[in-house]
Amino acid sequence: MADQHDRETVGKGGETHQTASGARPDLTTEQGVRVADDQNSLKAGRRGPTLIQDQHFREKIFHFDHERIPERVVHARGYGAHGFFETYESLSDLTCADLFQRGGERTEAFVRFSTVAGNKGSPDLARDVRGFAVKLYTKEGNWDLVGNNIPVFFIQDAIKFPDLIHAAKQEPDRGFPQAQTAHNNFWDFISLTPESMHMVMWIMSDRTIPRSFRFMEGFGVHTFRLVDAEGTSRFVKFHWKPNQGLQSVTWNEAMQLNGADPDYHRRDLWDAIQSGDYPEWELGLQVFDEDFAERFDFDVLDATKIIPEKEVPVRRVGRLVLDRMVNNFFAETEQVAFQTGNVVPGIDFTDDPLLQGRNFSYLDTQLKRLGGPNFTHIPVNAPRCPVHNFQHDGHMAMRTPKGRANYEPNSWSGAAAGPRETPRGYESYPQHVEGPKVRERSPTFADHYSQARQFYVSQTQVEQSHIVDALVFELSKVDVPEIRNRVMAHLRHIDEELTESVARGLGMAVPDKATPAREPITDLPRS
Ligand code: HEM
Numbered sequence: 001m002a003d004q005h006d007r008e009t010v011g012k013g014g015e016t017h018q019t020a021s022g023a024r025p026d027l028t029t030e031q032g033v034r035v036a037d038d039q040n041s042l043k044a045g046r047r048g049p050t051l052i053q054d055q056h057f058r059e060k061i062f063h064f065d066h067e068r069i070p071e072r073v074v075h076a077r078g079y080g081a082h083g084f085f086e087t088y089e090s091l092s093d094l095t096c097a098d099l100f101q102r103g104g105e106r107t108e109a110f111v112r113f114s115t116v117a118g119n120k121g122s123p124d125l126a127r128d129v130r131g132f133a134v135k136l137y138t139k140e141g142n143w144d145l146v147g148n149n150i151p152v153f154f155i156q157d158a159i160k161f162p163d164l165i166h167a168a169k170q171e172p173d174r175g176f177p178q179a180q181t182a183h184n185n186f187w188d189f190i191s192l193t194p195e196s197m198h199m200v201m202w203i204m205s206d207r208t209i210p211r212s213f214r215f216m217e218g219f220g221v222h223t224f225r226l227v228d229a230e231g232t233s234r235f236v237k238f239h240w241k242p243n244q245g246l247q248s249v250t251w252n253e254a255m256q257l258n259g260a261d262p263d264y265h266r267r268d269l270w271d272a273i274q275s276g277d278y279p280e281w282e283l284g285l286q287v288f289d290e291d292f293a294e295r296f297d298f299d300v301l302d303a304t305k306i307i308p309e310k311e312v313p314v315r316r317v318g319r320l321v322l323d324r325m326v327n328n329f330f331a332e333t334e335q336v337a338f339q340t341g342n343v344v345p346g347i348d349f350t351d352d353p354l355l356q357g358r359n360f361s362y363l364d365t366q367l368k369r370l371g372g373p374n375f376t377h378i379p380v381n382a383p384r385c386p387v388h389n390f391q392h393d394g395h396m397a398m399r400t401p402k403g404r405a406n407y408e409p410n411s412w413s414g415a416a417a418g419p420r421e422t423p424r425g426y427e428s429y430p431q432h433v434e435g436p437k438v439r440e441r442s443p444t445f446a447d448h449y450s451q452a453r454q455f456y457v458s459q460t461q462v463e464q465s466h467i468v469d470a471l472v473f474e475l476s477k478v479d480v481p482e483i484r485n486r487v488m489a490h491l492r493h494i495d496e497e498l499t500e501s502v503a504r505g506l507g508m509a510v511p512d513k514a515t516p517a518r519e520p521i522t523d524l525p526r527s
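One point on numbering: in full-length UniProt numbering, the residue at position 329 of the sequence shown is 329, and numbering is uninterrupted.
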């Protein structure tokens, strides 16, 4: 609608021009030059060719041509919001991380929820894992907890991630995802990757189609470390527990919602926050020491395993509240860069081979996705604490400190010398590491079925029937009998009744049990 103060004039082509006056600023080029005509390109003659000399036209089209950046290679479809994290009490007995030192302390947060396999335009209610990525702008730097809504993962070693994702996303020839048609590739990969069986139980369950982002849990998945001021390290698993409760939709509801409103989850978060109904999650910790970890009959470095809550209860230590939508979806939700490697003093990694690979992958992919090494200068990524270092230049450099050295050590003094290391800086936990350089997986990672079974039997009858229905539906789309048989042969290790029900649904015989890749080892050899 034209501003009532605008003067309307009729242009040379008969079209209406709105020229600025009153409250509206003058239209300018990116160089600040005022624009007189934004309706017609410059031509040689009224009906002649457009002139390359039309700087305003060229700049406008050039900028439009470059509006898109690569979508994330996974988790392309996402929705973000701002908020804060508030501690309930000091956790100085567990960690020296600054954000946990004082009860009632608030830390600014940005959260992006996502689906993994679909592209940016895919529907919200897909049967898929949901990303739950949290950036905490602490006073000692940004801590990113890049988690999912499912506590385990498909694979144990990051080297398999490209294969998993290639099998799950659209086929190169047809260019549309397999999800609604043939499922051969995904189930082929799964059938040859028995370590995925625990995760398969979760993704076939109701957990996988949350009613909305507000009603789902989040998990850091990996075992991390908390390190206290004395340098003592303890293992930790991170959980987000929704105060709204845990709710899912059934497959049929999901199909209807996807058709009626493919943006259903986005809209739900937007509506809740805009109406002041701010969603909340409690941060839960499962803390245990290395001796305790040795007693489990699985390896805590294996991301296909949970730590049973009855053995290590979840301690709730604070709440995350989302209370503000972004001002600009692209600037914030699209350009935010989460990275597992972003930790702060008091929080450290373990040798989980999936986590180790992720620590490389995120930075690497963001270098390309966000066009160079300076994406930490984008406001949504920039720490809220002082940043001083000797990095400079590169695409889109915004920080150009002046009047001080750009290297160190240097022999200048005061401000001219620039920043220097500090004893308060990040120290990696001095874990002892020794061993042969091998391309092998520890035998302690070998039991792929026990926790899958525990998950299945923990479900109610109705929930179990949904798992059966989902497997029948999915495997009915697999038209290669060997692949279907192989999946069923793994299911037999999880639960015989489950396998029989799925076989009945598919009208097939129950195949022989799969030979486990390695027999589960009860007496764990560790090195
Ligand atoms: C993106 C979680 C495993 C590579 C993401 C995102 C989440 C996530 C939540 C979306 C971040 C956002 O909202 O911007 C997880 C979890 C994993 C896992 C919980 C396993 C426990 C892996 C592995 C790799 C990987 C093993 C590679 C070795 C990536 C990449 C992106 C991504 C490349 C895109 C990042 C970007 O473009 O900004 N992941 N992921 N992820 N993940 Fe993972």
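Backbone N, C-alpha and C fix where the C-beta goes; we use that ideal spot for every residue, glycine too.
Membership of His166 in the alpha helix (DSSP H) is indicated by the continuous run 161 to 168. The secondary-structure analysis by DSSP pairs Phe235 across a beta bridge with Arg225, Phe288. In this structure, Gly83 keeps its C-beta atom at 8 Å or more from the C-beta atom of Arg266. Taking non-hydrogen atoms of the ligand HEM into account, the C-beta of His66 is found less than 7 Å away from none of them.
The alpha-carbon separation between Pro373 and Asp393 amounts to approximately 9 Å. Selection Lys477, Tyr407, Gln464 evaluated against Glu500 yields Gln464 as nearest (Cα-Cα). If only uninterrupted beta strand (DSSP E) runs of at least 3 residues are considered, none is enclosed by the segment 325 to 401. The secondary-structure analysis by DSSP pairs Val321 across a beta bridge with Phe84, Glu280.
For Ser92, the shortest C-beta to heavy atom distance toward the ligand HEM is 7 Å or greater.
By the Cβ neighbour-count rule, Gly118 is buried, with 16 or more other Cβ atoms within 10 Å of its own. Between Thr87 and Thr223 the beta-carbon gap is near 22 Å, outside 8 Å, which marks them as no contact.
In the displayed model, Gly505 falls within a helix according to three-state DSSP. From the listed residues Val152, Trp240, Ala126, the smallest Cα separation to Val317 is found for Trp240. Using a Cβ-Cβ distance cut-off of 8 Å, the segment 185 to 201 and the segment 95 to 102 are not in contact, since fewer than three pairs of beta carbons, one from each stretch, lie closer than that value.
In this structure, the C-beta of Asn148 approaches the ligand HEM to less than 7 Å from one of its heavy atoms. Under the three-state reduction of DSSP output, Tyr426 falls in the coil class, being neither helix nor strand. CA-to-CA, the gap between Pro123 and Phe85 works out to about 29 Å. In this structure, the CA atom of Lys237 is about 19 Å from the CA atom of Arg207. Within the model, the alpha-carbon separation for Ile159 versus Arg130 is close to 21 Å. Two segments are said to touch when three or more pairs of C-beta atoms, one from each, lie closer than 8 Å; by this definition the segment 295 to 305 does not touch the segment 50 to 62. Straight through space, the alpha carbons of Tyr278 and Asp263 are spaced by roughly 19 Å.
Distances between the C-beta of Leu354 and the heavy atoms of the ligand HEM include at least one below 7 Å. Three or more Cβ pairs drawn from the segment 380 to 389 and the segment 134 to 151 lie within less than 8 Å of each other, which places the two stretches in contact. A distance criterion of 7 Å places the beta-carbon of Ala126 beyond contact range of the ligand HEM, judged by its closest non-hydrogen atom. DSSP, reduced to helix, strand and coil, places Tyr407 outside both helices and strands of the structure shown, so it counts as coil.
Distance from the CA atom of Phe189 to the CA atom of Phe132, rounded to whole angstroms, is 25 Å.
When DSSP states are grouped into helix, strand and coil, Tyr449 belongs to the coil group. Placement of the Cβ of Gly131 at a distance of less than 7 Å from at least one heavy atom of the ligand HEM is found. For Tyr137, the number of other beta carbons within 10 angstroms of its own is at least 16, and it is reported as buried. Between Leu125 and Val249 the beta-carbon gap is near 7 Å, inside 8 Å, which marks them as a contact. If you ignore the 5 residues before and after Glu497, its C-beta comes within less than 8 Å of no other C-beta in its own chain.
Of the other Cβ atoms in all chains shown, fewer than 16 fall within 10 Å of the Cβ of Ser428; this residue is therefore exposed. It is roughly 35 Å from the alpha-carbon of Ala416 to the alpha-carbon of Gly32. Per DSSP, the beta-bridge partners of Gly78 are Ser114. Going by DSSP, Val134 is part of the beta strand (DSSP E) stretching over 130 to 138. Secondary structure note for Val146: its beta strand (DSSP E) is the uninterrupted segment 141 to 148.
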